[in-house]
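For reference, each letter of the sequence shown is one residue, going 35 to 468 in the numbering used here. Encoded as structure tokens, the structure appears first; notes follow it.
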Amino acid sequence: MAPTLQTNESLMARRVDALPRGVGNAHPVFAKKALNSEIWDVEGKRYIDFCAGIAVVNTGHCHPKVIAAVQSQLEQFTHTCFQVVAYEGYISLAERLNRLAPGSAPKKTFFMNTGAEAVENAVKVARAFTGRPGVIAFNGAFHGRTLLTLALTGKVAPYKTGFGPFPGDVFHAPYPSEAHGISVDDAIAGIEKIFKNDIEASRVAAFIVEPVQGEGGYIPASAEFLQRLRALSEQYGILLISDEIQSGVARTGKFFAIEYSGVVPDIITMAKGLGGGTPISAIVGRADVMDSAIPGGLGGTYGGNPLACAAAHAVLDIVEEEKLCQRSTAIGERIRAFFTELSKTLSFIGDVRGLGAMSAVEFSTGGDKNRPAPDIANALKAKALKQGLILLNCGVNGNVLRLMTPLTISDQVLDEGLAIIGNILNELARIGKA
Ligand SMILES: Cc1ncc(COP(=O)(O)O)c(C=O)c1O
Numbered sequence: 035m036a037p038t039l040q041t042n043e044s045l046m047a048r049r050v051d052a053l054p055r056g057v058g059n060a061h062p063v064f065a066k067k068a069l070n071s072e073i074w075d076v077e078g079k080r081y082i083d084f085c086a087g088i089a090v091v092n093t094g095h096c097h098p099k100v101i102a103a104v105q106s107q108l109e110q111f112t113h114t115c116f117q118v119v120a121y122e123g124y125i126s127l128a129e130r131l132n133r134l135a136p137g138s139a140p141k142k143t144f145f146m147n148t149g150a151e152a153v154e155n156a157v158k159v160a161r162a163f164t165g166r167p168g169v170i171a172f173n174g175a176f177h178g179r180t181l182l183t184l185a186l187t188g189k190v191a192p193y194k195t196g197f198g199p200f201p202g203d204v205f206h207a208p209y210p211s212e213a214h215g216i217s218v219d220d221a222i223a224g225i226e227k228i229f230k231n232d233i234e235a236s237r238v239a240a241f242i243v244e245p246v247q248g249e250g251g252y253i254p255a256s257a258e259f260l261q262r263l264r265a266l267s268e269q270y271g272i273l274l275i276s277d278e279i280q281s282g283v284a285r286t287g288k289f290f291a292i293e294y295s296g297v298v299p300d301i302i303t304m305a306k307g308l309g310g311g312t313p314i315s316a317i318v319g320r321a322d323v324m325d326s327a328i329p330g331g332l333g334g335t336y337g338g339n340p341l342a343c344a345a346a347h348a349v350l351d352i353v354e355e356e357k358l359c360q361r362s363t364a365i366g367e368r369i370r371a372f373f374t375e376l377s378k379t380l381s382f383i384g385d386v387r388g389l390g391a392m393s394a395v396e397f398s399t400g401g402d403k404n405r406p407a408p409d410i411a412n413a414l415k416a417k418a419l420k421q422g423l424i425l426l427n428c429g430v431n432g433n434v435l436r437l438m439t440p441l442t443i444s445d446q447v448l449d450e451g452l453a454i455i456g457n458i459l460n461e462l463a464r465i466g467k468a
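In structure tokens form, the structure reads like this:
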């Protein structure tokens, strides 16, 4: 029988029939192949990828070294369950991450599959170490879609809608954002208020913070804020968890974004960029903290799967060999310079910000940050897709364009994508969207 021709439309119809609507859909496009910073759909149309699978393929789609590492592992074994029959690749990957994590204290690492799992386990370890229940997260945070990580997430729709009740003893403080008039003092005062109104500091196990808030709008935390958070955590014996699931693995120009502040957290969570497109997450932390869970308390059937460990080793090699931290910084500077120039003539560009290649543009009516303009972000996203560019927005109001190119993107493809965005934004200004 001849294979039926697949089109985006026919696949979308099957998707609607076969999948629950809760599985969101940013673009009505189905991938056929991808290479570095480009994707081709089932109809043969080419797209420049400014999403990288939500900041996952930092090393580009199908990097030959990642493919070779996975293929070589495939020919040896695909799964034993590390807790049943162990393998060296898991241990050496942990050793590498222990060396990469900031701070001079000995570190330990273990692996899971998703970001949410890493966050769950970071909280488990923090509770086991401190013997305390409470966790303080921040407004606008995103930490995952499992029930505990939803409790930690600081945005209701669409993530939390209809899914409560959530686990207790989780509280939210303001996340500082200069662009939105929330100062470091406001954020620290918010934490002090939680200690007064909700839970005594002596019952709090951990603060969990994104050093660059991701889904919340690509908002970098200042060094001052992270240092004051660290000081508070030391004052009260509260652990500091840096959630680097989106900001880690060279995305911001350092291997971990927290390094910019000089702060040494007790635990770092990571995922996304680590596996080069294979599912793997990790937590790395102070050895004494990480050893607080009893044997058997941590792990899972698939965590640190041998194929994903092999891919992650290749990713760490590529980050080093191709100097992806420096490249991330250069990409970010190029992106921000482009939008800063555009903002001189386009009043709806309210803010241009970011750290390395974790950069973003916020749209607001007349540049007034109190009047978010998600319609600009949505129109841009839809028009860009038609012109062969994949974009994604974020932010509590959905009015932030976040740029997440692979760090291996060439200047030529980067400029091609930026030119598409520039043309569309100018067109939106002309037709009066400003
Ligand atoms: C900072 C942060 N934490 C946690 C998560 C959850 O990761 P996952 O979707 O792999 O569960 C994400 C995902 O976007 C994230 O950006």
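By construction, the Cβ of each residue, glycine as well, lies at the ideal position given by its N, Cα and C atoms.
Alpha carbons only, please: which of LEU274, THR286, GLY168 is nearest the one belonging to PHE229?
Answer by Cα proximity: GLY168.
Going straight from the alpha carbon of LEU266 to that of THR148, what length do you get?
LEU266 and THR148 have their C-alpha atoms roughly 29 Å apart.
Shorter than 7 Å, the distance from the beta carbon of GLU154 to the closest heavy atom of ligand 1, or not?
Not under cutoff, so the answer is no.
Please classify LEU205: does DSSP put it in a helix, a strand, or coil?
At residue 205 the sequence reads Phe, which differs from the Leu that was named. Strand at PHE205.
Going by alpha carbons, who is nearest to SER295 out of ASP325, ARG264, ILE73, ALA284?
For the residues ASP325, ARG264, ILE73, ALA284, the minimum Cα distance to SER295 belongs to ARG264.
Tell me whether MET324 sits in a helix, a strand or coil according to DSSP, three-state version.
Helix, per DSSP.
Per-residue burial, ILE465 [other beta carbons within 10 Å of its own, 16 or more giving buried]:
In this structure ILE465 is exposed. Its beta-carbon is surrounded by fewer than 16 other beta-carbon atoms within 10 angstroms.
Please state the DSSP three-state secondary structure of TYR252.
Three-state result, TYR252: coil.
Should HIS177 be counted as a contact of ligand 1 given a C-beta to heavy atom distance under 7 Å?
Yes - ligand 1 has a heavy atom lying nearer than 7 Å to the Cβ of HIS177.
For ASP277, is the beta carbon positioned less than 7 Å from some heavy atom of ligand 1?
Yes, the beta carbon of ASP277 sits closer than 7 Å to at least one heavy atom of ligand 1.
In whole angstroms, what is the alpha-carbon distance linking HIS206 and ILE352?
Going from the Cα of HIS206 to the Cα of ILE352 covers about 37 Å.
N-terminal and C-terminal residue of the beta strand (DSSP E) that LYS67 is part of
Residues 65-69.
Sorry if obvious, but does the Cβ on GLY334 come closer than 7 Å to a heavy atom of ligand 1?
Distances taken from the Cβ of GLY334 to the heavy atoms of ligand 1 include none shorter than 7 Å.
Is the beta carbon of ILE469 sitting closer than 8 Å to the one on ILE424?
Because the chain spans 35 through 468 in this model, residue 469 falls outside it and cannot be assessed.
What separation, rounded to the nearest whole angstrom, lies between the Cα atoms of GLY174 and ALA391?
One Cα belongs to GLY174, the other to ALA391, and the distance between them is close to 21 Å.
What does DSSP give as the partner residues of GLU396 in its beta bridges?
For GLU396, which the question treats as bridged, DSSP gives the partners ASP385, VAL434.
Residue closest to ARG478, alpha-carbon to alpha-carbon, out of THR439, PRO201, ARG133, GLY309
Only positions 35 to 468 of the chain appear in the structure, and residue 478 is not among them; the question remains open.
Considering only their Cβ atoms, is the gap separating ARG368 from LEU448 smaller than 8 Å?
Closer than 8 Å, so yes.
Taking the Cβ atom as the reference point for each residue, do GLU461 and VAL434 lie within a distance shorter than 8 Å?
Between GLU461 and VAL434, the C-beta spacing is not below 8 Å.
Could you check what DSSP says for ASP267 in three-state terms: helix, strand or coil?
Per the sequence shown, residue 267 should be read as Ser rather than Asp. It is helical.
Around the Cβ of ILE126, are there at least 16 other Cβ atoms within 10 angstroms (buried) or fewer (exposed)?
Before going further, note that residue 126 is Ser rather than Ile in the sequence given. Answer is exposed; the Cβ neighbour count stays below 16.
Could you check how far apart the C-beta atoms of GLU77 and ASN42 are, in whole angstroms? I think they sit under 8 Å.
Between ASN42 and GLU77 the Cβ distance is about 6 Å, and since that is below 8 Å, they are a contact.
Could you spell out the range, first to last residue, of the beta strand (DSSP E) harbouring VAL169?
Run containing VAL169: 168-172, per the beta strand (DSSP E) assignment.
Taking 7 Å as the line, does the beta carbon of ALA346 fall inside it for any heavy atom of ligand 1?
Relative to the non-hydrogen atoms of ligand 1, the Cβ of ALA346 never comes closer than 7 Å to any of them.
Taking 7 Å as the cut-off, does the CB of GLU129 come closer than this to any heavy atom belonging to ligand 1?
The beta carbon of GLU129 sits no closer than 7 Å to any heavy atom of ligand 1.
When the Cβ atoms of the stretch 246-254 are set against those of the stretch 42-58, are three or more pairs found closer than 8 Å?
By the Cβ rule, the stretch 246-254 does not count as touching the stretch 42-58, because fewer than three pairs are nearer than 8 Å.
Under 8 Å, do LEU182 and VAL157 count as touching if we go by C-beta distance?
A contact, by the Cβ cut-off of 8 Å.
Residues in the same chain with beta-carbon distance under 8 Å from ASP232, minus the five sequence neighbours each way, listed in chain order, please.
Hits under 8 Å: PHE205.
In its own chain, which residues sit with a C-beta less than 8 Å from the C-beta of LEU308, not counting the 5 before and 5 after it?
Taking LEU308 as the centre and dropping the five residues before and after it, the same chain places the C-beta of GLY282, VAL283, ILE314, SER315, ALA316, ALA346, VAL349 closer than 8 Å to its C-beta, in chain order.
Helix, strand or coil: how does DSSP classify LEU273 here?
In the structure shown, LEU273 sits in a strand (DSSP, three-state: E or B).
Quick check: does the Cβ of ILE314 come within less than 7 Å of any heavy atom belonging to ligand 1?
No, the Cβ of ILE314 stays beyond 7 Å of every heavy atom of ligand 1.
Relative to the C-alpha of GLY330, which residue among PHE111, ASN155, PRO62, THR38 is closest?
Among PHE111, ASN155, PRO62, THR38, the Cα nearest to that of GLY330 belongs to ASN155.
Confirm the yes/no value for this check: CB of ALA255, any heavy atom of ligand 1, distance under 7 Å.
Flag unset: Cβ of ALA255 not near ligand 1.
Assign SER126 to one of three DSSP states: helix, strand, or coil.
Here DSSP, grouped into helix, strand and coil, assigns SER126 to helix.
Could you tell me the alpha carbon to alpha carbon distance between ALA240 and GLY196, rounded to whole angstroms?
C-alpha separation (whole angstroms): 27 Å.
Since ILE242 is in the alpha helix (DSSP H), which residue starts that stretch and which ends it?
Under the DSSP assignment, ILE242 falls outside any alpha helix (DSSP H), being part of the beta strand (DSSP E) whose first and last residues are 238-243.
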